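K.L.:
From first to last, the protein sequence lines stand for chains A and B. So in this note's numbering, spot 281 of the first sequence is number 281, and the numbers just go up one at a time. Offset between the second sequence (1-based) and this note's numbering: plus 1000. Glycine included, every Cβ here is placed at the ideal spot set by N, Cα and C. All figures in this text were calculated on a predicted structure; none of them were measured in a lab.
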Amino acid sequence: MTAALKVIRAGLFDTLQDLGRTGFMALGMPTAGAMDRIGLSLANALVGNPASTAGLEIGVMGPDLLVEADSVRIALVGPLSPALIEGPDAAPKPLDSDRSHLLKRGQILRVGMIEGASTAYLALAGGFDLPLFMGSLSTYSRAGIGGFDGRKLAAGDLLPLAKTSVPAGNERRLGQPFDYGSGPLRVTWGPQEDYFSEEGRRTFVEAEYLVSKEADRMGIRFEGPTIAHAKSVDEGGADIISDGIAPGAIQVPGAGLPIVLMADRQTVGGYPKIATVASVDLPRLGRLLPGQAVRFTAITVAEAEALRRDQEARLQRAIAGFVVARPPGGIDLVRLYEENLIDGVVFDSPWNVTSKPSSAEGGTK
Amino acid sequence: MSVRYLSCGDTAFTVEFGNEISPEINGRVMALHAAIGLAREAGEISGVIETVPTMRSLMVTYDPLSTSRADLQPKVDALIARGLPADAGSRQVTLPCCYDDPEFAPDLTEVAERTKKTPEEVIAAHLASPFKVYVLGFMPGLAYVAGLDQALFLPRRSQPRVRVPRSSVAIAMDMTTIYPFESPGGWHLIGRTPLWMFDKRREQPVFLSPGDSLSFERIDRRSFDRIAGEVEAGTFDWSSLVKSK
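#1: So, does the CB of S1240 (chain B) fall closer than 8 Å to a CB anywhere in chain A?
#2: Would DSSP call F1207 (chain B) helix, strand or coil?
#3: Using a Cβ cut-off of 8 Å (strictly closer), state whether K1075 (chain B) contacts chain A.
#4: Using the beta-carbon of each residue, which ones in chain A are nearer than 8 Å to E1050 (chain B)?
#5: How far does the beta strand (DSSP E) with F1216 (chain B) in it extend, from its first residue to its last?
#6: Is it a yes or a no for the region 117 to 127 of chain A touching the region 29 to 36 of chain A, going by three-plus beta-carbon pairs under 8 Å?
#7: Ignoring anything shorter than 4 residues or poking outside the region 1137 to 1211 of chain B, list the alpha helix (DSSP H) runs there in chain order.
#8: Roughly how many whole angstroms lie between the Cα atoms of P191 (chain A) and S1129 (chain B)?
#9: Kindly indicate if chain B contains any beta-carbon less than 8 Å away from that of G291 (chain A).
#10: To the nearest angstrom, how far is the alpha carbon of T354 (chain A) from that of Y180 (chain A)?
#11: Quick one: grab the DSSP three-state call for R201 (chain A).
#12: Here's a check: name, in chain order, each residue in its chain whose Cβ is nearer than 6 Å to the Cβ of G150 (chain A), leaving out the five neighbours to either side.
#13: S1007 (chain B) by DSSP, collapsed to three states: which one?
#14: Would you report the Cα separation of G23 (chain A) and F1013 (chain B), rounded to the nearest angstrom?
#15: Run through chain A and tell me which residues come within less than 7 Å of P1140 (chain B), C-beta to C-beta.
#16: Hey, L1195 (chain B) and S1167 (chain B) are a contact pair by Cβ (cut 8 Å); roughly how many whole angstroms apart?
#17: Cβ of D243 (chain A) less than 8 Å from any chain B Cβ?
#18: With respect to the alpha helix (DSSP H) encompassing Q17 (chain A), which residues constitute its N-terminal and C-terminal limits?
#19: Give the DSSP-derived three-state secondary structure of Q292 (chain A) in the structure shown.
#20: For E1050 (chain B), count the other beta carbons within 10 Å of its own beta carbon; 16 or more makes it buried, fewer makes it exposed. Which is it?
#21: If we call anything under 8 Å between Cβ atoms a contact, is L1079 (chain B) one with A1034 (chain B)?
#22: Quickly, what does DSSP pair D1101 (chain B) with across the bridge? List them, please.
#23: Tell me the DSSP secondary structure of Q266 (chain A) in three-state form.
#24: Can you tell me the Cα-Cα spacing of P225 (chain A) and T203 (chain A), whole angstroms?
#25: Short of 7 Å in beta carbon distance, which residues of its chain neighbour P290 (chain A), apart from the five on each side in sequence? Order them along the chain.
#26: Mind checking who K273 (chain A) pairs with in its DSSP beta bridge?
#27: Would you give the residue range spanned by the beta strand (DSSP E) that M1059 (chain B) belongs to?
#28: With a threshold of 16 other CB atoms inside 10 Å of the CB of V268 (chain A), please say whether the residue is buried or exposed.
#29: Have a look at B:V1093, B:S1007, B:R1202, B:L1142 and flag the residue whose alpha-carbon is nearest the alpha-carbon of L1072 (chain B).
#30: Run through DSSP, which three-state label would E68 (chain A) get?
#31: At a Cβ threshold of 8 Å, is A91 (chain A) touching chain B?
#32: Alpha carbons only, please: which of B:L1095, B:Y1144, B:T1193 is nearest the one belonging to G1053 (chain B)?
#33: Within the same chain, show all residues whose beta-carbon is closer than 6 Å to that of I8 (chain A), passing over the 5 residues directly before and after it, in chain order.
#34: Once the 5 residues before and after R1157 (chain B) are set aside, which same chain residues still bring their CB inside 6 Å of it?
#35: Would you say D18 (chain A) reaches chain B, if we count a Cβ-Cβ gap shorter than 8 Å as a contact?
#36: Measure from the C-beta of L1152 (chain B) to each C-beta in chain A and report whether the shortest distance is under 8 Å.
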């Protein structure tokens, strides 16, 4: 019997995403991929998947999913309000995020609303049994490719799973919420900062901008003070000969308001780009909601690279610091021992359940 | 000829060869695109994810966890200093195009009027143009193909169409293109190819590549329908369109 998750009610923007479809931008193929690579990586690690496994990216409100497999291990990562689990003969009860759960045939997972962020992830142990398209499962819905039938999920869809069942065992949870950072979004100047006047550049780093309602996987439009180009629009001040668009590129068309280009961005474009969001802050940006305020601050490329490496090290420490999660409704003796007797037992990897003494990172509190 | 390095955050930079569109500049872009590909295969450069050629620049994307701008830029500089081959490995591609059906070529008459030619002269000029694929982008498989006969230069339509059928062959400014999907569009539609420029069933879903030399071959409606049937069925022999130079 095949294993699947059945969509019994669709959410708003549920698409399968992995870390992106790289290698084909020269053919005009956008990379797509997760808006919040950290959320997807944590969800995958919680269920023991490699980081490159595709998960379900949930936008604003998630789906209701019926388990049509003997068992499936899942993890939801993100501020859900919370998700609910029910059936076949049990009333709905809350299902914690940021930990793994073993679900059985006939149970219904109601993912529900995300609170205070736009994006959350659902990972399944073993991933989905769907064909890669150009090396990736990332959905790029504008061209109808990747993921499930190249589109967001709809009621009635059957998502085939790679595993028909998973062994029972300890569930894991994130030791403490991952710190996505706060304060201004860090950017590096360029590629076309010289297309903006000194005043325009100053406006960009001094003003506050609000995420507008026009925010999706392709880009986030901001509202706020307009950024002055060096030359007028009539003199070609807002046109360049099209060049490549990196993730986080901030283009400023003639109207003067910034648009940050995200996962589903076009590969090339003809508007000048004043700056580029440092990759360390792209996951934070990918979680923003319309109406939220941001500021931008400029750093160097070398600083941006160092921040990204530091973030990756923190991510790997968070994964190494996963702790055993309490079974729902039961007493978790292992956790009890950890917290009361040993104080600070951590796992050295999500795949190794041999406990060892506390490391500097801790992680059980 | 010096290049400019433009920062694109901590995961990419752009090598800009000039601020104009010319075959010479684009040739250097394509040559660096090829040279970096060879250097990656030879293990001389690591951490590069991909390179994105455009009319006058090459964007290099990289993984900041395994390399850095400070490490990569001198290596790219060295490749440029070593000398870039001209027109590396380009293909000669011939695309069939039906100009004869008014449904396929709704703008042919207007283009002829505005360029003071007969429709037959417009078709002949399109067939004779030495086209070259400069860049793919905006949507997967959409090629910007320059080299249009100067006599056919027109600005885009003042009123873009909401719906341009897939595989429409269109002209605007100094370029021609083929729409890979049904989409909105502001170019002048003068014909249609039975081929799909993006076919997700194929192992290489995008047919054209940057650097391809391109010409069109005139076909009648009967040939169009036959080839369209083969393309739809997945039996069309795409290799018959390509000659290596």
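P.N.:
To lay it out plainly:
#1: Position 240 of the second sequence, counted from the first residue, corresponds to residue 1240 (chain B). No - not a single Cβ of chain A is within 8 Å of the one on S1240 (chain B).
#2: Along the second sequence, one-based indexing puts residue 1207 (chain B) at 207. DSSP places F1207 (chain B) in coil when its eight states are reduced to three.
#3: Working through the second sequence from its first residue, we reach residue 1075 (chain B) at position 75. No, K1075 (chain B) does not count as interfacial toward chain A.
#4: Position 50 of the second sequence, counting from 1, holds the residue named residue 1050 (chain B). Within chain A, the residues near E1050 (chain B) are T22, G23, F24, M25, A26.
#5: Taking the second sequence and counting its residues from 1, one reaches residue 1216 (chain B) at position 216. That run of the beta strand (DSSP E) goes 1213 to 1218.
#6: yes
#7: none
#8: Start at 1 with the first residue of the first sequence, and residue 191 (chain A) comes out as number 191. Start at 1 with the first residue of the second sequence, and residue 1129 (chain B) comes out as number 129. Rounded to whole angstroms, P191 (chain A) to S1129 (chain B) spans 34 Å at the Cα level.
#9: Residue 291 (chain A) sits at position 291 when you count from the first residue of the first sequence. Not one chain B Cβ lies under 8 Å of G291 (chain A).
#10: Start at 1 with the first residue of the first sequence, and residue 354 (chain A) comes out as number 354. Start at 1 with the first residue of the first sequence, and residue 180 (chain A) comes out as number 180. Confidence at T354 (chain A) is low in this model, with a pLDDT of 37, below 50, so the placement of that residue is unreliable and no value is reported for it.
#11: The sequence position of residue 201 (chain A) within the first sequence is 201, counting from 1. In the structure shown, R201 (chain A) sits in a helix (DSSP, three-state: H, G or I).
#12: The count along the first sequence starts at 1 and reaches residue 150 (chain A) at position 150. Here the set comprises G144.
#13: Along the second sequence, read from residue 1 onward, the residue named residue 1007 (chain B) stands at position 7. The answer is strand: DSSP assigns S1007 (chain B) an E or B state.
#14: As a first step, residue 23 (chain A) is located in the first sequence; it is residue number 23 there, counting from the start. As a first step, residue 1013 (chain B) is located in the second sequence; it is residue number 13 there, counting from the start. Their Cα atoms are separated by approximately 16 Å.
#15: The residue you call residue 1140 (chain B) lines up with position 140 of the second sequence. Near P1140 (chain B) (Cβ distances below 7 Å), the residues of chain A are L27, G28, M29, A143.
#16: As a first step, residue 1195 (chain B) is located in the second sequence; it is residue number 195 there, counting from the start. As a first step, residue 1167 (chain B) is located in the second sequence; it is residue number 167 there, counting from the start. That pair is a contact at about 6 Å.
#17: In the first sequence, residue 243 (chain A) corresponds to position 243, counting from 1. Yes, contact with chain B.
#18: Stepping through the first sequence from its first residue, residue 17 (chain A) is reached at position 17. Unbroken run through Q17 (chain A) is the beta strand (DSSP E), 15 to 17; no alpha helix (DSSP H).
#19: As a working mapping, residue 292 (chain A) is identified with position 292 in the first sequence. Three-state DSSP puts Q292 (chain A) in coil, outside helix and strand.
#20: Translated into the one-based positions of the second sequence, residue 1050 (chain B) becomes position 50. With 16 or more other Cβ atoms within 10 Å, it is buried.
#21: Indexing the second sequence from 1 puts residue 1079 (chain B) at position 79. Indexing the second sequence from 1 puts residue 1034 (chain B) at position 34. No, the Cβ-Cβ distance between L1079 (chain B) and A1034 (chain B) is not below 8 Å.
#22: Position 101 of the second sequence, counted from the first residue, corresponds to residue 1101 (chain B). In the DSSP output, where bridge partners are listed per residue, D1101 (chain B) has none listed.
#23: Taking the first residue of the first sequence as 1, we reach residue 266 (chain A) at position 266. Three-state DSSP puts Q266 (chain A) in coil, outside helix and strand.
#24: Locating residue 225 (chain A) in the first sequence gives position 225, counting from the first residue. Locating residue 203 (chain A) in the first sequence gives position 203, counting from the first residue. Distance between the alpha carbons of P225 (chain A) and T203 (chain A): 7 Å.
#25: Within the first sequence, numbered from 1, the residue matching residue 290 (chain A) stands at position 290. Cβ within range, chain order: V211, S212, K213, A215.
#26: Indexing the first sequence from 1 puts residue 273 (chain A) at position 273. A:Q251.
#27: For the purposes of this step, residue 1059 (chain B) is identified with residue 59 of the second sequence, where counting begins at 1. Where M1059 (chain B) is concerned, the enclosing beta strand (DSSP E) stretches over 1057 to 1062.
#28: Within the first sequence, residue 268 (chain A) is the residue found at index 268, counting from 1. Classification of V268 (chain A): buried, given that the 10 Å Cβ count is 16 or more.
#29: Stepping through the second sequence from its first residue, residue 1072 (chain B) is reached at position 72. That would be B:S1007, whose Cα lies nearest to the Cα of L1072 (chain B).
#30: Position 68 of the first sequence, counted from the start, is the residue given in the question as residue 68 (chain A). The answer is strand: DSSP assigns E68 (chain A) an E or B state.
#31: Numbered from its first residue, the first sequence carries residue 91 (chain A) at position 91. It does not; no Cβ of chain B falls within 8 Å.
#32: In the second sequence, counting from the first residue as 1, residue 1053 (chain B) sits at position 53. Strictly speaking, residue 1053 (chain B) in this sequence is Pro, with Gly absent from that position. Checking every option, the nearest Cα to that of P1053 (chain B) belongs to B:Y1144.
#33: The residue labelled residue 8 (chain A) in the question sits at position 8 within the first sequence. So the qualifying residues of the chain are D64, L66.
#34: Counted from its first residue, the second sequence places residue 1157 (chain B) at position 157. Counting only Cβ-Cβ distances below 6 Å, and skipping sequence neighbours, we find G1186.
#35: Translated into the one-based positions of the first sequence, residue 18 (chain A) becomes position 18. Cβ-Cβ to chain B under 8 Å: no for D18 (chain A).
#36: One-based indexing of the second sequence puts residue 1152 (chain B) at position 152. No, its Cβ sits nowhere closer than 8 Å to a Cβ of chain A.
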